[in-house]
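S.K.: Before anything else, here's the structure in question.
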Amino acid sequence: MKKILLFLLLLMVYCCSYSQVYLTRTAYVGFFSKTPAEDIKAVNNQVYAAVDAGKKNLAFSLLLKGFTFTKELMQEHFNENYVESDKYPKASFSGTYTGDVDLTKNGVYNVTVQGNLTLHNITKAITTPATLEVKDTHLIGTATFKAKPEDFNITIPSLVRGKIAQEITVNINADCTLKQ
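Every letter in the sequence shown is one number past the one before it in our numbering, and letter 63, counting from 1, is 49.
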């Protein structure tokens, strides 16, 4: 019995020693809405991101109150009226990527990311092209996609509907470090 336990323990240590998990707590997620009436930009640099390069899995999580806007009133409306961040405090993404990435060689690799985005308690499938840059012990992911507020049951009042784009551009940049 002891030999079996020792074997399993050594197997776990061996498997874990080759783990290729990259992490950050300071990833960037920004969104932009452009209309003739007004441009709206918000950024959040307090985003948790994890990439398991061995399994090609990735996940992001952020607090919606972490978004900052150029105008304080926009931030207030975003949190209170649109995403209801007291009721739905987080947004998250969980998915996979396809494409060949050589973790032993610095370079930029084109991949496709596919997964589920959860916002405002609604989950939607997202597929988007992305890049992964291998830079020594860093894996830097970037992607851009569009999302519609209505897809996440976010209601825009008719009074301000002309000031908010029907499709919001979302930008992501995550500089993750290899977990040692």
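All C-beta atoms in this analysis are idealised placements derived from N, C-alpha and C, irrespective of residue type, glycine included.
1) Report all residues from its chain with a CB closer than 8 Å to the CB of residue 55; omit the five preceding and five following residues, and keep chain order.
2) Kindly give me the distance between the Cβ atoms of residue 30 and residue 15, rounded to whole angstroms, as I take these residues to be in contact under 8 Å.
3) Can you name, in chain order, every residue of its own chain whose Cβ lies under 6 Å from the Cβ of residue 74, other than the five neighbours on each side?
4) For residue 3, which residues in the same chain have their Cβ closer than 8 Å to its Cβ, ignoring the five residues on either side in sequence?
5) At the level of alpha carbons, what is the spacing between residue 36 and residue 76?
6) Among 154, 69 and 163, which one has its Cα closest to the Cα of residue 20?
7) In its own chain, which residues sit with a C-beta less than 8 Å from the C-beta of residue 51, not counting the 5 before and 5 after it?
8) I'd like the span of the beta strand (DSSP E) that includes residue 32, first residue to last.
9) Can you give me the Cβ contacts of residue 126 inside the same chain, cut-off strictly under 6 Å, excluding the 5 residues immediately before and after it?
10) Roughly how many whole angstroms lie between the Cα atoms of residue 121 and residue 92?
11) Could you check where the beta strand (DSSP E) with residue 61 kicks off and where it finishes?
12) Just how far apart, CA to CA, sit residue 143 and residue 45?
13) Does the count of Cβ pairs from the segment 94 to 114 and the segment 143 to 152 closer than 8 Å reach three?
14) Using the DSSP secondary-structure output, state which residues sit across from residue 55 in a beta bridge.
15) At 3 residues or longer, and completely inside the segment 138 to 163: list those beta strand (DSSP E) runs for me, N to C.
16) Using beta-carbon positions only, say whether residue 159 and residue 13 come within less than 8 Å of one another.
17) Go ahead and pull the three-state DSSP assignment for residue 43.
M.R.: Taking the geometry as given:
1) 26, 27, 28, 61 and 64
2) 5 Å
3) 106 and 107
4) In this prediction, residue 3 has a pLDDT of 44, which is less than 50 and means its spatial position is unreliable; nothing more can be read from the coordinates.
5) 16 Å
6) 154
7) 65, 71 and 75
8) 25 to 38
9) 119 and 161
10) 5 Å
11) Taken as a continuous stretch (DSSP letters only), residue 61 belongs to no beta strand (DSSP E), being part of the alpha helix (DSSP H) at 58 to 63.
12) 32 Å
13) no
14) 28
15) none
16) yes
17) strand
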